[in-house]
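Chemist:
In this note's numbering, the protein residues as written are 1120 to 1568.
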């Protein structure tokens, strides 16, 4: 007995709306539509098989522009029809709607899926389309000059080339028009054309409460640099350690892991989707999220090993590669894992949820960074604290939401003196204020005990 699958659909009779199955087969791998066969694959026959043999070819051709092969078959005296549909090199619609076949299910394409499907059918990708109104005056010459410096090893000729010639050799110009990839990579203000090409950074107390946020714009080279600078200076802690008499500050997440994750999001995101890249910083984890599912043949498990790289945005990926920003395609996730593990952090996690890809970096600590600081260093720093400062640290470890007025009342000293003490603690690198005065909290970086 036959069964429905990717290439087979059963219908007990004919209705014109079934042309959507023909559209789906044409837009996929082709297939067979059986008429006079029930859902179980049992032949029940048709009373009007001969009439359908005459009318269906013209009807389907009028509605879709294709001409399937229509044949009558007989099984035990029961006549049924088989329509053979071949895959089409052009998109096939029915009443303006486009369908594809996925397993035994016929699905209508909408939104970004439809856009991507139509582009692929026409042999182009989103980044290759020209931007009609973009002019050479809108190029960011500083970014191009920086690219020339970065790309000297991989493109020796680049140093002497003019800006437009460089972009032509990078295949970012077609005729006299700049491609979308060129605008994203080298424009002063690509958001004029693609508002979705931004990065949102947020500091979260938990999944529901956000403390502070930033929006990063500009071309993709500037976005990567600025995002990393903002994370380093505003959002992440740098616990203190000592090498002999020398003080060292080490970012709580490995810088190279952050850099690879941000580059991965910028290079591989789906720019047809109108949301932004998100970087979400929590007390115990950091997540970098971008729209764009993995290619069908690559799984999350594959990301933990050397794997083929199938970049969604080849031109963008190729330009970053030639700039030296990425080393080898297919190794970015491996480097993220290695950097975290080598620095004593848990192995990062990768998630795919519908069209959203997430990299999650994890910390070992629960609520403070003191586990990373040796007892010897703790003694060195806490010995320099006054008794009042040690009491402030102790109170804030118990309740990191205490206000300056709360501390003033608890210690019986003026609010101005509390401000002086907390400023000195911040200068020593043992206390940090996260968020604003109203909704923020204190981060105790080192024990005062």
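Yeah, the Cβ is synthetic: ideal placement off N, Cα and C, and Gly gets one too.
#1: Return the CA-CA distance between residue 1221 and residue 1188, expressed in angstroms with no decimal places.
#2: Looking only at its own chain, which residues have a Cβ that is under 7 Å from the Cβ of residue 1065, when we skip the five neighbours before and after it?
#3: Looking at the structure shown, is residue 1451 part of a helix, part of a strand, or coil, going by DSSP?
#4: In three-state DSSP terms, what is residue 1179?
#5: With three or more C-beta pairs closer than 8 Å as the rule, is the region 1269 to 1284 touching the region 1309 to 1326?
#6: Assess, as a yes-or-no matter, whether the region 1413 to 1427 is touched by the region 1438 to 1457 under the definition of 3 or more beta carbon pairs within less than 8 Å.
#7: If we count the other Cβ atoms within 10 Å of its Cβ and call it buried at 16 or more, is residue 1296 buried or exposed?
#8: Go ahead and pull the three-state DSSP assignment for residue 1144.
#9: Three-state secondary structure (DSSP) at residue 1469?
#10: When you compare each of 1203, 1559 and 1473 to residue 1191 by their alpha carbons, which one comes out closest?
#11: Closest to residue 1563 by C-alpha separation, out of 1538, 1519 and 1529, would be which residue?
#12: With distances taken between CB atoms, is the gap from residue 1155 to residue 1211 smaller than 8 Å?
#13: With distances taken from CA atoms, which of 1152, 1377, 1177 and 1247 is nearest residue 1128?
#14: Helix, strand or coil: which one does DSSP assign to residue 1217?
#15: Could you have a look at residue 1406 and say whether DSSP puts it in helix, strand or coil?
#16: Tell me where the beta strand (DSSP E) around residue 1401 begins and ends.
#17: Applying the 10 Å Cβ sphere with the 16-neighbour rule, what's the burial state of residue 1406?
#18: Going straight from the alpha carbon of residue 1485 to that of residue 1402, what length do you get?
#19: Between residue 1216 and residue 1209, what straight-line distance do the alpha-carbon atoms span, to the nearest angstrom?
#20: Using the beta-carbon count (16 or more within 10 Å), is residue 1150 buried or exposed?
#21: Hey, could you find the ends of the alpha helix (DSSP H) residue 1374 is sitting in?
#22: For the region 1186 to 1257, which segments carrying the beta strand (DSSP E) assignment without a break, of at least 3 residues, lie completely within its bounds, in sequence order?
#23: So, do the region 1376 to 1396 and the region 1454 to 1470 have three or more beta carbon pairs nearer to each other than 8 Å?
#24: Considering just the uninterrupted stretch of the beta strand (DSSP E) at residue 1318, what are its terminal residues?
#25: Report buried or exposed for residue 1246, applying the criterion of at least 16 other Cβ atoms within 10 angstroms of its Cβ.
#26: Hey, could you find the ends of the beta strand (DSSP E) residue 1553 is sitting in?
#27: Can residue 1354 and residue 1320 be called in contact, C-beta distance under 8 Å?
#28: In this structure, how does DSSP classify residue 1526 when only helix, strand and coil are distinguished?
#29: At which residues does the alpha helix (DSSP H) containing residue 1481 begin and terminate?
#30: According to DSSP, is residue 1397 helix, strand or coil?
#31: Buried or exposed, going by whether 16 or more other CB atoms sit within 10 Å of the CB of residue 1342?
#32: According to DSSP, is residue 1129 helix, strand or coil?
#33: What residues are listed by DSSP as bridge partners for residue 1124?
#34: Whose CA, out of 1258, 1483, 1338 and 1383, lies closest to the CA of residue 1464?
#35: So is residue 1318 buried or exposed if we call it buried at 16+ other beta carbons inside 10 Å?
Modeler: In short:
#1: Residue mapping note: residue 1221 aligns to position 102 of the chain shown, counting from 1. Residue mapping note: residue 1188 aligns to position 69 of the chain shown, counting from 1. Answer to the nearest angstrom: the Cα atoms are 22 Å apart.
#2: The structure shown has nothing for residue 1065, since the chain only spans 1120 to 1568.
#3: Here residue 1451 refers to the residue found at position 332 when the chain shown is read from its first residue. Reduced to three states, the DSSP call for residue 1451 is helix.
#4: Within the chain shown, residue 1179 is the residue found at index 60, counting from 1. In this structure, residue 1179 counts as helix in the three-state DSSP scheme.
#5: no
#6: yes
#7: One-based indexing of the chain shown puts residue 1296 at position 177. When all chains shown are included, residue 1296 counts as exposed.
#8: Taking the chain shown and counting its residues from 1, the one referred to as residue 1144 is at position 25. Three-state DSSP puts residue 1144 in a helix.
#9: If you number the chain shown from 1, residue 1469 lands on position 350. Residue 1469 falls in the strand class under three-state DSSP.
#10: Mapped onto the chain shown, residue 1191 falls at position 72. Measuring from the Cα of residue 1191, the nearest candidate turns out to be 1203.
#11: Along the chain shown, read from residue 1 onward, the residue named residue 1563 stands at position 444. It is 1519.
#12: Along the chain shown, read from residue 1 onward, the residue named residue 1155 stands at position 36. Along the chain shown, read from residue 1 onward, the residue named residue 1211 stands at position 92. Result no, Cβ atoms of residue 1155 and residue 1211 do not sit closer than 8 Å.
#13: Position 9 of the chain shown holds residue 1128. When only C-alpha atoms are compared, the closest one is 1152.
#14: One-based indexing of the chain shown puts residue 1217 at position 98. DSSP places residue 1217 in strand when its eight states are reduced to three.
#15: Sequence index remark: in the chain shown, residue 1406 carries index 287 (1-based). Strand at residue 1406.
#16: For this step, residue 1401 is matched to residue 282 along the chain shown. Element bounds for residue 1401: n/a, residue is neither H nor E.
#17: Within the chain shown, residue 1406 is the residue found at index 287, counting from 1. The residue in question, residue 1406, is buried, as its Cβ has 16 or more Cβ neighbours within 10 Å.
#18: Locating residue 1485 in the chain shown gives position 366, counting from the first residue. Locating residue 1402 in the chain shown gives position 283, counting from the first residue. Because the pLDDT of residue 1485 is 43, which lies under 50, any placement of that residue in the model is unreliable, and the number read from its coordinates should be weighed accordingly. Cα to Cα, residue 1485 sits roughly 8 Å from residue 1402.
#19: Counting from one through the chain shown, the residue named residue 1216 turns up at place 97. Counting from one through the chain shown, the residue named residue 1209 turns up at place 90. Cα-Cα distance, rounded: 14 Å.
#20: Translated into the one-based positions of the chain shown, residue 1150 becomes position 31. Result: buried.
#21: For the purposes of this step, residue 1374 is taken as residue 255 along the chain shown, with counting starting at 1. From DSSP, the alpha helix (DSSP H) with residue 1374 extends over 1374 to 1387.
#22: 1188 to 1194, 1197 to 1204, 1216 to 1221 and 1224 to 1227
#23: yes
#24: The count along the chain shown starts at 1 and reaches residue 1318 at position 199. 1318 to 1323 is the span of the beta strand (DSSP E), which, as asked, contains residue 1318.
#25: Start at 1 with the first residue of the chain shown, and residue 1246 comes out as number 127. Flag for residue 1246 reads buried.
#26: Counting from one through the chain shown, the residue named residue 1553 turns up at place 434. That run of the beta strand (DSSP E) goes 1550 to 1553.
#27: Looking up residue 1354 in the chain shown gives position 235. Looking up residue 1320 in the chain shown gives position 201. Their beta carbons are under 8 Å apart, which means residue 1354 touches residue 1320 by this criterion.
#28: Locating residue 1526 in the chain shown gives position 407, where the first residue counts as 1. Note: residue 1526 maps to helix in three-state DSSP.
#29: Looking up residue 1481 in the chain shown gives position 362. Counting along the chain, residue 1481 falls outside any alpha helix (DSSP H), though it belongs to the beta strand (DSSP E) covering 1475 to 1481.
#30: Indexing the chain shown from 1 puts residue 1397 at position 278. Strand, per DSSP.
#31: Reading the chain shown from its first residue, position 223 is the one you call residue 1342. The residue in question, residue 1342, is buried, as its Cβ has 16 or more Cβ neighbours within 10 Å.
#32: Here residue 1129 is taken as the residue at index 10 of the chain shown, counted from 1. If DSSP states are grouped into helix, strand and coil, residue 1129 belongs with the strands.
#33: In the chain shown, counting from the first residue as 1, residue 1124 sits at position 5. DSSP, once it has assigned bridges, lists 1127 as partnering residue 1124.
#34: Residue numbering aside, residue 1464 sits at position 345 when the chain shown is read from its first letter. Comparing Cα-Cα distances from residue 1464 to each of 1258, 1483, 1338 and 1383, the minimum goes to 1483.
#35: Taking the chain shown and counting its residues from 1, the one referred to as residue 1318 is at position 199. Burial call: buried.
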